[in-house]
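*Asks:*
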Amino acid sequence: MPSILAVPALAGLLLSPSASGSPALAPIDSLYPDLAAFYMDLHRNPELSTHEEKTSKKVADRLRALGYEVTDHVGGFGVVAVMKNGKGPTLLLRADMDALPLAEKTGLPYASQVTAKDDSGNVVPVMHACGHDVHMTSLVGAAALLAKAKNLWRGTLVLVGQPAEEGSDGAAAMLADGFLARFPKPDFAIALHDDPRLPAGQVGYTSGFRSASSDSVDITIYGRGGHGSAPQYTVDPIVIAARTILALQTIVSRENSPFDPAVVTVGRIQGGTKRNIVPDEVRLELTVRTYKPEVEEKVLASIQRIARAEAAAAGAPKEPLVKISKGYAANYDDPALTRRIAAAMTKAFGASRVVELPPIMASEDFGEFGRAANAPYLEFSLGATPAGKFEAAHGDPTKVPGLHSSEFTPDPEPTLKTGAAALTVAALEILGKR
Ligand SMILES: [Zn+2]
Ligand SMILES: [Zn+2]
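Residue 480 in our numbering sits at position 408 of the sequence shown, with consecutive numbering throughout.
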């Protein structure tokens with residue numbers, strides 16, 4: 073394992089945060105071997121979204137053994153673990169549990185060899201390529217530290233193992249299953265996500281908008297098919313699609329304010345069967361990312377307008393069909409809460425291990441819990457890339473395997489210790505005795 077001391081930016085830092093302050097963190101070194109075994113078991117046995125049966129049982133069993141009151145099968149395979157410890161605020165800590173349909177190529181001794189049937193019945197490889205195994209282990213580690221340190225805090229901990237984060241509405245399913253009514257309502261909600269922009273051992277935060285809304289748009293463009301040699305008798309939907317795709321680029325570049333981030337990506341285009349046939353229709357699949365709801369509405373309206381106008385300009389026999397499916401909303405990390413937690417982590421880990429990060433256009437459903445409870449929420453970043461690799465890449469995130477990569481390889485010890493410690497520090501900042 074590369075030493076974290078090899079990174080100049082981190083020179084002089086300890087691998088373990090246990091020496092750096094709160095007595096609650098002291099047991100982390102002795103907990104680590106057990107946490108590592110838990111992590112490697114999760115990594116070796118990933119499960120797809122909405123299929124987290126064994127994973128959720130492992131998380132539930134661990135939390136139950138630590139003395140938490142555990143309810144399972146909340147909104148599918150969701151786990152909720154509650155620990156009441158006197159009068160004080162209620163804090164939700166959440167980890168997601170699902171893995172991705174991807175063949176692991178890390179070569180790790182604990183690499184996944186798992187295949188499973190996806191929801192369409194296809195057999196697919198499965199891998200924890202988004203680090204949700206890191207999140208679960210960090211949560212279980214923090215749960216252990218906080219259970220040992222009950223004399224240092226007051227209030228209620230609500231630990232959530234969330235299924236189906238990867239685009240399958242797991243948070244919404246837990247909320248629809250009565251989460252707010254069945255369990256103590258959180259005053260604050262905190263989560264972490266591993267982040268290839270940081271080396272293992274560091275944490276990062278973003279105040280305000282952190283992740284974007286994500287909408288799917290399907291466009292079917294109708295033409296009039298015919299022989300490829302006789303275009304004069306056809307209306308070619310492939311040409312309309314090509315013009316539509318180019319015109320869509322002007323939404324972000326010409327219609328949208330440069331101060332409001334937005335992405336319009338046409339990720340799939342499907343049409344035609346043979347070179348000498350003009351097809352009847354072409355289908356486009358888009359993903360749309362924005363922060364502000366008003367920008368989201370404007371971009372979606374522009375897509376519809378442009379699709380219709382390009383079809384009309386070509387004399388298409390009918391208007392295109394534009395189907396919009398709203399996905400996750402943007403997450404807004406509460407600035408006051410972010411300031412508070414960033415300060416607490418800086419105190420615990422030192423300033424060089426806590427960095428401010430720019431927002432991203434990926435999306436995530438953690439914010440649903442905070443918004444539903446009307447509670448401030450924060451998702452912070454956890455470094456996972458081995459420090460030596462990060463250093464060799466000069467911090468260029470395109471040169472290290474990132475999230476959803478078949479080669480994504482978190483460095484277990486500094487990542488898991490820092491993840492568990494960071495959640496613990498955050499919890500003690502909210503619930504700690506003054
Ligand atoms: Zn992911
Ligand atoms: Zn993820």
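Using N, Cα and C, we set each Cβ at its ideal position, and we do this for glycine too.
Since this is a predicted model, take the numbers as computed values, not measurements.
#1: With hydrogens ignored, establish whether the beta-carbon of residue 204 is closer than 7 Å to any heavy atom of ligand 2.
#2: Pull up the DSSP beta-bridge partners for residue 127, would you.
#3: Please name the residue in 144, 356, 131, 308 whose C-alpha comes closest to that of residue 348.
#4: Where does residue 250 sit, in a helix, a strand or coil, going by DSSP?
#5: Are there any heavy atoms of ligand 1 lying less than 7 Å away from the beta-carbon of residue 238, as far as the coordinates show?
#6: Going by C-alpha distance, which of 196, 487, 207 is nearest residue 169?
#7: In angstroms with no decimal places, state the Cα-to-Cα distance between residue 152 and residue 132.
#8: With H, G and I counted as helix, E and B as strand and the rest as coil, what does DSSP make of residue 88?
#9: Is residue 123 near ligand 4, in the sense that its beta carbon is under 7 Å from a heavy atom of that ligand?
#10: Over the uninterrupted beta strand (DSSP E) stretch that includes residue 163, give me the two end residues.
#11: For residue 115, is the beta carbon positioned less than 7 Å from some heavy atom of ligand 2?
#12: Cβ of residue 109 less than 8 Å from any chain B Cβ?
#13: Below 8 Å between beta carbons: does that hold for residue 310 and residue 383?
#14: Can you pull the DSSP bridge partners for residue 265?
#15: Taking the beta strand (DSSP E) that residue 341 falls in, what are its first and last residues?
#16: Measure the C-alpha to C-alpha separation of residue 159 and residue 430 and round it to an integer number of angstroms.
#17: Under a Cβ-count criterion, where at least 16 other Cβ atoms within 10 Å of its own Cβ denotes burial, should residue 441 be classed as buried or exposed?
#18: Leaving aside the five residues before and after residue 140 along the sequence, list all residues of the same chain whose C-beta is less than 7 Å from its C-beta, in chain order.
#19: Could you tell me which residues DSSP puts in a beta bridge with residue 239?
#20: Taking the beta carbon of residue 235 as the centre, do at least 16 other beta carbons fall within 10 Å, making it buried, or is it exposed?
#21: Determine the direct distance from the alpha carbon of residue 94 to that of residue 87, and round the result to whole angstroms.
#22: Say yes only if the C-beta of residue 231 is nearer than 7 Å to one or more non-hydrogen atoms of ligand 1, and no if none qualify.
#23: May I have a chain-ordered list of the beta strand (DSSP E) segments no shorter than 3 residues that lie completely inside the segment 175-249?
#24: Of all the options 352, 380, 465, which has the alpha carbon lying nearest to the alpha carbon of residue 296?
#25: Answer yes or no: the CB of residue 475 versus the heavy atoms of ligand 1, is any distance below 7 Å?
#26: Smallest Cα separation from residue 144: which of 137, 128, 157?
#27: Provide the residue(s) that pair with residue 171 in DSSP beta bridges, ordered along the chain.
#28: Looking at the structure shown, is residue 496 part of a helix, part of a strand, or coil, going by DSSP?
#29: Note down, in chain order, each residue of its chain lying with its Cβ closer than 8 Å to the Cβ of residue 204, except the 5 sequence neighbours on either side.
#30: Grouping DSSP H, G and I as helix and E and B as strand, with all else coil, what is residue 401?
#31: Where DSSP assigns a beta bridge to residue 283, which residues make up the other side?
#32: Report the option in 380, 264, 396, 224 whose CA atom is closest to the CA atom of residue 389.
#33: In the DSSP assignment, find the unbroken alpha helix (DSSP H) run with residue 371 in it and report its ends.
#34: Given this structure, state the Cα-to-Cα distance separating residue 443 from residue 258, to the nearest angstrom.
#35: Residue range of the alpha helix (DSSP H) that residue 311 falls in?
*Replies:* Quick look at the numbers:
#1: Mapped onto the sequence shown, residue 204 falls at position 132. The answer is yes for residue 204.
#2: Counting from 1 along the sequence shown, the entry for residue 127 is found at position 55. Looking at the DSSP output, residue 127 sits in no beta bridge, so it has no partner there.
#3: As a first step, residue 348 is located in the sequence shown; it is residue number 276 there, counting from the start. When each option's Cα is compared against that of residue 348, the closest is 308.
#4: Walking along the sequence shown from the start, residue 250 turns up at place 178. DSSP places residue 250 in coil when its eight states are reduced to three.
#5: In the sequence shown, counting from the first residue as 1, residue 238 sits at position 166. For residue 238, the shortest C-beta to heavy atom distance toward ligand 1 is below 7 Å.
#6: Walking along the sequence shown from the start, residue 169 turns up at place 97. Taking only the C-alpha atoms, the option nearest residue 169 is 207.
#7: Locating residue 152 in the sequence shown gives position 80, counting from the first residue. Locating residue 132 in the sequence shown gives position 60, counting from the first residue. Taking the straight line from one Cα to the other gives about 8 Å.
#8: Numbered from its first residue, the sequence shown carries residue 88 at position 16. Only weak support exists for where residue 88 lies, its pLDDT of 45 falling under 50; the value from the coordinates is given anyway. Coil, per DSSP.
#9: Looking for ligand 4 in the displayed structure turns up nothing; the ligands present are ligand 1 and ligand 2.
#10: For this step, residue 163 is matched to residue 91 along the sequence shown. Looking at the DSSP string, the run of the beta strand (DSSP E) that includes residue 163 is 162-168.
#11: Taking the sequence shown and counting its residues from 1, the one referred to as residue 115 is at position 43. It does not: the Cβ of residue 115 is nowhere closer than 7 Å to a heavy atom of ligand 2.
#12: The chain labelled as chain B is not found in the depicted structure, where only one protein chain is given.
#13: Taking the sequence shown and counting its residues from 1, one reaches residue 310 at position 238. Taking the sequence shown and counting its residues from 1, one reaches residue 383 at position 311. Contact flag unset, no.
#14: Against the sequence shown, residue 265 aligns to sequence position 193. As DSSP reads the structure, residue 265 sits in a beta bridge with 453.
#15: By 1-based counting over the sequence shown, the position of residue 341 is 269. Run containing residue 341: 334-343, per the beta strand (DSSP E) assignment.
#16: Indexing the sequence shown from 1 puts residue 159 at position 87. Indexing the sequence shown from 1 puts residue 430 at position 358. Residue 159 and residue 430 have their alpha carbons spaced roughly 37 Å apart.
#17: If you number the sequence shown from 1, residue 441 lands on position 369. Under this definition residue 441 is a buried residue.
#18: Within the sequence shown, residue 140 is the residue found at index 68, counting from 1. 153, 154, 155, 215, 231, listed in sequence order.
#19: If you number the sequence shown from 1, residue 239 lands on position 167. DSSP output for residue 239 lists no bridge partner at all.
#20: Within the sequence shown, numbered from 1, the residue matching residue 235 stands at position 163. Burial check for residue 235: the Cβ neighbour count within 10 Å reaches 16 or more, so the residue is buried.
#21: Counting from one through the sequence shown, the residue named residue 87 turns up at place 15. Counting from one through the sequence shown, the residue named residue 94 turns up at place 22. Here residue 87 scores only 43 on pLDDT, less than 50, and its place in the model is too uncertain to base an answer on.
#22: The count along the sequence shown starts at 1 and reaches residue 231 at position 159. False, no ligand heavy atom lies under 7 Å from that Cβ.
#23: Runs of the beta strand (DSSP E) inside the segment 175-249: 187-189, 195-197, 227-234.
#24: By 1-based counting over the sequence shown, the position of residue 296 is 224. Comparing Cα-Cα distances from residue 296 to each of 352, 380, 465, the minimum goes to 352.
#25: To locate residue 475, count along the sequence shown from 1; it is residue 403. Under cutoff, so the answer is yes.
#26: If you number the sequence shown from 1, residue 144 lands on position 72. Among 137, 128, 157, the Cα nearest to that of residue 144 is on 128.
#27: As a position in the sequence shown, residue 171 is number 99, starting the count at 1. Residue 171 is bridged to 120.
#28: Walking along the sequence shown from the start, residue 496 turns up at place 424. DSSP places residue 496 within a helical segment (H, G or I) once states are collapsed to three.
#29: Numbered from its first residue, the sequence shown carries residue 204 at position 132. Within its own chain, the residues whose Cβ lies closer than 8 Å to the Cβ of residue 204, once the five positions on either side in sequence are excluded, are 167, 168, 169, 170, 171, 237, listed in chain order.
#30: Reading the sequence shown from its first residue, position 329 is the one you call residue 401. DSSP places residue 401 in the coil class of the three-state scheme, outside both helix and strand.
#31: Your numbering for residue 283 matches position 211 in the sequence shown. Answer is 403, bridged to residue 283.
#32: The residue given as residue 389 occupies position 317 in the sequence shown. Looking at 380, 264, 396, 224, the one whose alpha-carbon comes closest to that of residue 389 is 380.
#33: In the sequence shown, residue 371 corresponds to position 299, counting from 1. Per DSSP, residue 371 belongs to the alpha helix (DSSP H) from 365-385.
#34: Counting from 1 along the sequence shown, the entry for residue 443 is found at position 371. Counting from 1 along the sequence shown, the entry for residue 258 is found at position 186. Residue 443 and residue 258 have their C-alpha atoms roughly 11 Å apart.
#35: Taking the sequence shown and counting its residues from 1, one reaches residue 311 at position 239. Its alpha helix (DSSP H) spans residues 309-322.
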